[in-house]
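One structure below.
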Amino acid sequence: MLEVKNIKTYYGNIQALKGVDIQISEGEIITLIGANGAGKTTTLMSISGIVPPRSGEVLFLGQPISDLQPNEIVSLGICQVPEGRRIFPYLTVSENLDMGAFLRTDSAEVKKDQEYIFELFPILAERRNQAGGTLSGGEQQMLAVGRALMARPRLLLLDEPSLGLAPLVVKQIFEIIKKINTENKTTIFLVEQNANLALKVAHRGYVMENGRITLSDTSANLMVNEDVKKAYLGIS
Amino acid sequence: MEYFIELFLGGLTRGSIYALIALGYTMVYGIIQLINFAHGEIYMIGAFTALIVAGILSMLGWNPVAILIIASVIAVVYSASYGWTIEKLAYKPLRQAPRLSALISAIGMSMFLQYYVLLAQTSNFLPFPSLIPDFKFMEPIEHIVRSSEIVIYITTAIVMVFLTFLIKFTRIGKAMRATAQDRDMAMLVGIDVNKVISFTFIIGSATAAIGGVLVASHTGQINYYIGFIAGIKAFVAAVLGGIGSMPGAVLGSLVLGMSESFFTGYISSDYEDVFAFLFLVFTLIFRPSGILGRSDTDKV
């Protein structure tokens, strides 16, 4: 479904990605793990077109997308829940969800989807007329996931959904991620620092170091890999 | 008491005009955090366009109200296209550059437009036909408020209601609010941010042009420099109200217009501009984010 071929991305003169290759098939949950500054967020931003790669190619369903504008990439069905949630702070919860459906024109279906999001996250229904900026971190993460789902994505990019959240909330979010994958057949690309958690839900994983993919395998194999254990799982 | 009412209405006139210009400043700032110093020039160009159109049409012997409407429409369209072009030429290439570069580009654009009009026209004040007719019913109170002022109040009110509706309820309005709050995230939900920015410049410029035509036919004379003074005053008003906030821009404009009017009426008219800028200085010292401004500009 998504093929990332040898992309190199720069911030000014600083090279953040030094040739990254990733393949994602339809229906999979793929995770990308790595330390701070490894280039995980940059990989997602390159896929979404916010920081386009300087060389290399990104193919979505066989079509090159690295030259498209971010809004065109969204219209193809690639949605991102960025790091730090990025809720529109002065829009209400309900307006934030509406923004997720910005490109959709089927307003009756959009309304239904909003009700579906409220079923997934009942706390959001309670807060629907509250400004997004007044929500707690966990609620904002739920809203961010809900907002991305409102676009009915084919491929959902998630950037560190566990960051800074209480363990219980993290558990809830990961359950929803699994549910979206099995029920809606949404393909998921999950970037995480919390390798333990990520490898538990993902089918396959990539390990990133210094802007390069150093390892890729099934989650089961990665979990028993000695290097991964030592560096990311805290087991020696 | 009558003098007080006269000053109050005078202040309302000034405030309305400042508001029409300040809205453009504040919308553009809200979206791309740029003080568009060329905005005052758009207002001036609106007035000149109306002058040229009115000149031609009155030679053809049209009736003043028809001239007013046609001249305003052409001025609005022409100024809006200027606003759109300025953004494309002077600001878009600098979007990734440090903010100071875009600011300097804006000042350059402002001077370019001023001197271009100076060369194309003259430095003299040109008479502007009074296109707004004197209403009959105004006779008993004519010495307090003029017909043209009434037209200014009504037009400003209509523009504000229209803009509020646009921002609150339309699709593009929602896109504008989202872009103002988090531009990258707006792109990630599929908003074409370039289109939103262009649209903002077009709306801001159109609003300023309306102000230009109204003022010109109220005061009866224009020159190439009117945009600079009005632009700076409107900028003060926008900062006073809290830059980036639309209700703030209107409130700031009314406060500035009223205080200027009362100051000149009761104290001294020589120090009018001094007073306006003194107001700016005190605002910045005691309430840097303005009357309705949000102090939490940092994104979560």
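Heads up: the sequence lines are chains A and B, in that order.
By the numbering used here, the letter at position 113 of the first sequence is numbered 113, and the numbering carries on one by one without gaps.
Just so we're on the same page, the numbering used here is the position in the second sequence counted from 1, plus 1000.
All residues carry an ideal CB built from backbone N, CA and C; glycine is no exception.
Near-chain B residues of the segment 45-75 of chain A - C-beta to any C-beta below 9 Å: M45, S48, G49, I50, Q69, P70, N71, E72, I73, V74 and S75
In chain order, each alpha helix (DSSP H) run of at least 4 residues that lies wholly inside the segment 74-151 of chain A: 93-100, 107-120, 122-126 and 137-149
Sequence-distant residues of its chain with Cβ nearer than 7 Å to N194(A) (five each side left out): S162
Collapsed DSSP secondary structure at Y206(A) in the structure displayed: strand
Minimum Cβ-Cβ distance from Q1181(B) to chain A less than 9 Å: Cβ-Cβ to chain A under 9 Å: yes for Q1181(B).
Interface flag, K1092(B) vs chain A, CB-CB below 9 Å: It does not; no Cβ of chain A falls within 9 Å.
Against chain A: residues of the segment 1068-1102 of chain B by CB proximity under 8 Å: Result list empty, no residue passes.
Integer Cβ distance of V81(A) from Q130(A), believed to fall under 8 Å: Not confirmed; about 20 Å, so no contact.
Contact with chain B by Q114(A), beta-carbon distance below 9 Å: no
Contact the segment 1030-1039 of chain B vs the segment 1193-1208 of chain B: 3+ CB pairs below 8 Å: yes
Selection of the segment 1165-1191 of chain B by Cβ proximity to chain A, strictly under 9 Å: R1171, K1174, A1175, R1177, A1178, A1180, Q1181, D1182, D1184, M1185, A1186, M1187, L1188, V1189, G1190 and I1191
Nearest to P52(A) (by Cα), restricted to the options Q69(A), E139(A) and P122(A): When each option's Cα is compared against that of P52(A), the closest is Q69(A).
Beta-carbon spacing of I1132(B), V1159(B) below 9 Å: For I1132(B) and V1159(B), no; Cβs fall outside 9 Å.
Nearest-angstrom Cα separation, counted from M208(A) out to L215(A): 7 Å
Identified DSSP bridge partners for K216(A): Strictly speaking, residue 216(A) in this sequence is Ser, with Lys absent from that position. According to DSSP, S216(A) bridges with Y206(A).
Start and end residues, alpha helix (DSSP H) containing V1159(B): S1147 to F1169
Three-state secondary structure (DSSP) of E1272(B): helix
Ranges of the alpha helix (DSSP H) found wholly within the segment 1239-1292 of chain B, counting only runs of at least 4: Listed in chain order, the complete alpha helix (DSSP H) runs (minimum 4 residues) inside the segment 1239-1292 of chain B are 1246-1266 and 1272-1286.
For G1211(B) and I1243(B), believed in contact at Cβ under 8 Å, the rounded distance: The distance from the Cβ of I1243(B) to that of G1211(B) is about 18 Å, inconsistent with a contact at the 8 Å cut-off.
Cβ shell of A38(A) (< 8 Å), same chain only, five flanking positions each side left out: M208, E209, N210 and G211
Limits of the unbroken alpha helix (DSSP H) element including E1002(B): E1002 to I1032
Nonlocal neighbours in the same chain, by C-beta distance under 6 Å from V170(A), ignoring five residues either side: S162
Below-9 Å beta-carbon distance, V1239(B) vs any chain A residue: no
Length of the line joining the Cα atoms of L76(A) and P1093(B): 27 Å
Inter-residue spacing [alpha-carbon to alpha-carbon] between L1051(B) and T1219(B): Computed Cα separation, rounded: 13 Å.
C-beta neighbour in chain A for I1065(B), strict 9 Å: Before going on, a small fix: residue 1065(B) reads as Val here, not Ile. Closer than 9 Å: no.
Three-state secondary structure (DSSP) of T1122(B): coil
Those residues which DSSP pairs with D159(A) across a bridge: V191(A)
Cβ-based neighbour list, V1300(B), same chain, cut-off 8 Å, excluding 5 preceding and 5 following: Confidence in V1300(B) is poor, its pLDDT being 31 and thus under 50, which makes the residue's placement too unreliable to answer from.
Residue nearest to S1217(B) in terms of C-alpha spacing, selected from T1049(B), L1278(B), E1041(B) and I1042(B): Just measuring C-alpha positions, the residue of T1049(B), L1278(B), E1041(B) and I1042(B) sitting nearest S1217(B) is T1049(B).
Of the listed residues G1241(B), P1247(B) and I1267(B), nearest to L1256(B) (C-alpha basis): The closest CA to that of L1256(B), considering only G1241(B), P1247(B) and I1267(B), is found on G1241(B).
C-beta contact flag for G246(A) and I173(A) at 9 Å: What the structure shows of chain A is the stretch from 1 to 236, and residue 246(A) is not part of that stretch, so it cannot be assessed.
Beta-carbon proximity check, Y1043(B) vs F1235(B), cutoff 9 Å: no
CB contact below 9 Å: Q80(A) versus chain B: Yes, because at least one Cβ of chain B sits closer than 9 Å to the Cβ of Q80(A).
Given V1213(B) as reference, the closest of M1246(B), S1148(B) and W1062(B) once Cα atoms are compared: Of the candidates M1246(B), S1148(B) and W1062(B), S1148(B) places its Cα closest to the Cα of V1213(B).
Beta-carbon proximity check, A1080(B) vs A1209(B), cutoff 9 Å: yes
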